[in-house]
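Chains L and U are the protein sequences, given in the same order.
Residue 172 in numbering that gives the first Met the number 0 sits at position 173 of the first sequence, and the numbers go up by one each step.
Residue 34 in numbering that gives the first Met the number 0 sits at position 35 of the second sequence, and the numbers go up by one each step.
Quick reminder that beta carbons are idealized off the backbone N, C-alpha and C, glycines included.
Let me begin by presenting the structure, written as structure tokens, before commenting on it.
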Amino acid sequence: MSRQSNRTTDSKKMNSELFTLTYGALVTQLCKDYENDEEVNKQLDKMGYNIGVRLIEDFLARSSIGRCQDFRETADVIAKVAFKMYLGTTPSVSNWSPAGDEFSLILENNPLVDFVELPDNHSMLVYSNLLCGVLRGALEMVQMAVDVKFAQDTLRGDNVTEIRMKFIKRIEENLPAGDE
Amino acid sequence: MVIFSVYVVNKAGGLIYQYDNYVPRAEAEKTFSYPLDLVLKHHDEKVIVSFGQRDGIRVGHAVLSINGADVLGKNTAEGKDILEYLKDSSNYPVSIRFGRARLSSNEKLMLASMFHSLFAIGSQLSPDVGSSGIEMLETDVFKLHCFQTLTGIKFIVLADPRQSGIDALLRKIYENYSDFALKNPFYSLEMPIRCELFDQNLKGSLEIAEKAGNFGAGS
Numbered sequence: 000m001s002r003q004s005n006r007t008t009d010s011k012k013m014n015s016e017l018f019t020l021t022y023g024a025l026v027t028q029l030c031k032d033y034e035n036d037e038e039v040n041k042q043l044d045k046m047g048y049n050i051g052v053r054l055i056e057d058f059l060a061r062s063s064i065g066r067c068q069d070f071r072e073t074a075d076v077i078a079k080v081a082f083k084m085y086l087g088t089t090p091s092v093s094n095w096s097p098a099g100d101e102f103s104l105i106l107e108n109n110p111l112v113d114f115v116e117l118p119d120n121h122s123m124l125v126y127s128n129l130l131c132g133v134l135r136g137a138l139e140m141v142q143m144a145v146d147v148k149f150a151q152d153t154l155r156g157d158n159v160t161e162i163r164m165k166f167i168k169r170i171e172e173n174l175p176a177g178d179e
Numbered sequence: 000m001v002i003f004s005v006y007v008v009n010k011a012g013g014l015i016y017q018y019d020n021y022v023p024r025a026e027a028e029k030t031f032s033y034p035l036d037l038v039l040k041h042h043d044e045k046v047i048v049s050f051g052q053r054d055g056i057r058v059g060h061a062v063l064s065i066n067g068a069d070v071l072g073k074n075t076a077e078g079k080d081i082l083e084y085l086k087d088s089s090n091y092p093v094s095i096r097f098g099r100a101r102l103s104s105n106e107k108l109m110l111a112s113m114f115h116s117l118f119a120i121g122s123q124l125s126p127d128v129g130s131s132g133i134e135m136l137e138t139d140v141f142k143l144h145c146f147q148t149l150t151g152i153k154f155i156v157l158a159d160p161r162q163s164g165i166d167a168l169l170r171k172i173y174e175n176y177s178d179f180a181l182k183n184p185f186y187s188l189e190m191p192i193r194c195e196l197f198d199q200n201l202k203g204s205l206e207i208a209e210k211a212g213n214f215g216a217g218s
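Have a look at this one:
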């Protein structure tokens, strides 16, 4: 997994196995600490949120993408630019709700779950819940409140991994000037 | 062609980072004999020249030091009131250094907050919808450039009016912020930035921008 950058400083390559191992160690330690799958899911979401609020600035600084005008544009940017930049995979956008406020990201491969199998006693664990938190945190920083959850998960027997994103509202407090 | 200073303002309008790259040191130190031919007065906790001009000392310049010791507001380093001290002929001859008073950090905080509020005027005055806030403020001594990110952080650069490439510099500072401030897990969002790596890299970026005069792609 290489670090995309449009600077001429050295592009750092890191072994993606190390990343998978790191994430795995994180989840198993959380399971030991909390012993309750729901609680672990919540913690992963919180951690993801903290990552998301910082990652969004890195994303905006590197991609120079302007403000998205509607939710469809947001979906495209997330799938084609953000996921590609950070996870090296491009999910497809589908299952739009009639009102255009909900869509699904279908991931063919999820780098977080390479080599992972969920045991029976952790059937409620959403292993990649960090990603939901990241998306939620990042969008909140650009004044969009969204609800993100996993609708399907290959670790729990489904064919594909599907992340369902629902637009809740635009956050009107503290809007940067010029965006009203 | 110089870049004078960089300010970073958070979403709420508070100054979280400030760096003075180049402060024009228009100072003059002279030895005076009694009586002083400049008229001094108190202004804002400082002593400034209100009338009289000679040898590089201008109206508005503040007393910076007396006999080599920096002054503390209205008092000398020993705590005596400056105007009283200078009325006493036994203290002469005295060497006084005059210069442009530097902004204190409180003043900078206040000015940054004021600019934050003023920034919104740009979009409110706009005849058409969707205008950005104030992007540039020009005076005959400097140009202020402002870049607001989609998340509400403002990067402000004060530079020489002829300096080019500031847009690219602002984007570079944004990149530095997203790298050295945000990726530091011990830095909390919206708080003052106290990251050494950010300082170093910012200085580096400013040097490159000043030399090149243009921060183009590939640099």
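Beta-carbon separation of residue i and residue j under 8 Å?
i, j, result
"E143/L", "R169/L", "Residue identity check: residue 143/L is Met in the sequence provided, not Glu. Yes. Within cutoff."
"A100/U", "K45/U", "yes"
"V7/U", "F185/U", "no"
"P110/L", "G87/L", "yes"
"H41/U", "K10/U", "no"
"F97/U", "V48/U", "yes"
"K182/U", "R61/L", "no"
"M193/L", "V133/L", "Given a span of 0 to 179 for chain L in the structure shown, any question on residue 193/L remains unanswerable."
"V70/U", "S64/U", "yes"
"M84/L", "F102/L", "no"
"F31/U", "I81/U", "no"
"G12/U", "S116/U", "yes"
"A167/U", "K142/U", "no"
"Y18/U", "L169/U", "no"
"G51/U", "L37/U", "yes"
"L106/L", "V159/L", "yes"
"P160/U", "E137/U", "yes"
"S127/L", "F149/L", "yes"
"I50/L", "L104/L", "no"
"A76/U", "A68/U", "yes"
Between residue i and residue j, which are expected to be in contact by the criterion C-beta below 8 Å, what is the C-beta distance as a whole number of angstroms?
i, j, result
"L180/U", "I192/U", "The displayed chain sequence assigns Ala, not Leu, to residue 180/U. Correct: roughly 5 Å between the Cβ atoms."
"G47/L", "L124/L", "No, G47/L and L124/L are not in contact; Cβ-Cβ is about 14 Å, not under 8 Å."
"Y173/U", "F197/U", "About 12 Å separates the two Cβ atoms, so there is no contact after all."
"V5/U", "V156/U", "5 Å"
"F166/L", "D100/L", "4 Å"
"Y21/U", "I2/U", "7 Å"
"M0/U", "Q199/U", "That pair is no contact at about 22 Å."
"T19/L", "D113/L", "5 Å"
So, for residue i: in the same chain, excluding its five sequence neighbours on each side, which residues have a beta-carbon less than 6 Å away from its beta-carbon?
i, result
"Y33/U", "S88, Y91"
"L117/L", "L154"
"V147/L", "C131, L134, R135, M164"
"Y22/L", "L111"
"S130/U", "S122"
"S96/L", "none"
Report all residues from its chain with a CB closer than 7 Å to the CB of residue i; omit the five preceding and five following residues, and keep chain order.
i, result
"G217/U", "With a pLDDT of 42 at G217/U, under the threshold of 50, the modelled position of that residue is not reliable, and the figure given next carries that caveat. None."
"A81/L", "F58"
"K79/L", "T89"
"E209/U", "M0, V1, I2"
Spatial neighbours of residue i within its chain, please: CB distance less than 8 Å, with the 5 preceding and 5 following residues excluded, ordered by chain position.
i, result
"L35/U", "L85"
"Q42/L", "L29, Y33"
"G132/U", "F118, A119, I120, G121, S122, C145, Q147"
"T150/U", "K10"
"R24/U", "G98"
"K107/U", "Y6, L14, Q17"
"G203/U", "none"
Quiz item: Curious, which full-length beta strand (DSSP E) runs of at least 3 residues does the stretch 55–139 of chain L contain?
Solution: Listed in chain order, the complete beta strand (DSSP E) runs (minimum 3 residues) inside the stretch 55–139 of chain L are 91–93, 101–106.
Quiz item: In chain order, what residues of the stretch 174–197 of chain U put their CB closer than 8 Å to some CB of chain B?
Solution: Of the chains in the structure shown, none is chain B; the protein chains are L and U.
Exercise. Please list the residues of the stretch 140–172 of chain L that have a C-beta atom closer than 9 Å to any C-beta atom in chain U, keeping them in chain order.
Key: Under the 9 Å Cβ criterion, the stretch 140–172 of chain L contributes M140, V141, Q142.
Practice problem: For the stretch 115–194 of chain U, list the alpha helix (DSSP H) runs that are entirely contained and at least 4 residues long, ordered along the chain. | Solution: As far as the stretch 115–194 of chain U is concerned, its whole alpha helix (DSSP H) runs of at least 4 residues are 165–175.
Practice problem: Quick one: which residues of the stretch 141–170 of chain U get their C-beta closer than 8 Å to a C-beta of chain L? List them in chain order. | Solution: Here the close residues are Q147, T148, L149, T150, G151, I152, R170.
Self-check item: Residues in the stretch 96–108 of chain L having any Cβ partner in chain U nearer than 9 Å
Solution: Here the close residues number zero.
Quiz item: Of the residues that make up the stretch 43–56 of chain L, which ones have a beta carbon closer than 7 Å to any beta carbon in chain U?
Solution: Taking 7 Å as the Cβ-Cβ cut-off against chain U, the residues of the stretch 43–56 of chain L that qualify are V52, R53, I55, E56.
Self-check item: Whole beta strand (DSSP E) elements within the stretch 35–86 of chain U, 3-residue minimum
Solution: Those beta strand (DSSP E) runs which fall completely within the stretch 35–86 of chain U and span 3+ residues are 38–42, 45–50, 61–65.
Exercise. Return the residues of the stretch 8–34 of chain L that lie within a Cβ-Cβ distance of less than 9 Å from chain U, sorted by chain order.
Key: Residues: none.
Quiz item: Taking Cβ-Cβ distances below 7 Å as the criterion, which residues of the stretch 75–87 of chain L are in contact with chain U?
Solution: In summary, no residue of the stretch 75–87 of chain L has a CB separated from any CB of chain U by less than 7 Å.
Quiz prompt | chain U contacts made by the stretch 123–134 of chain L, where a contact means CB separation under 9 Å | solution = Residues: none.
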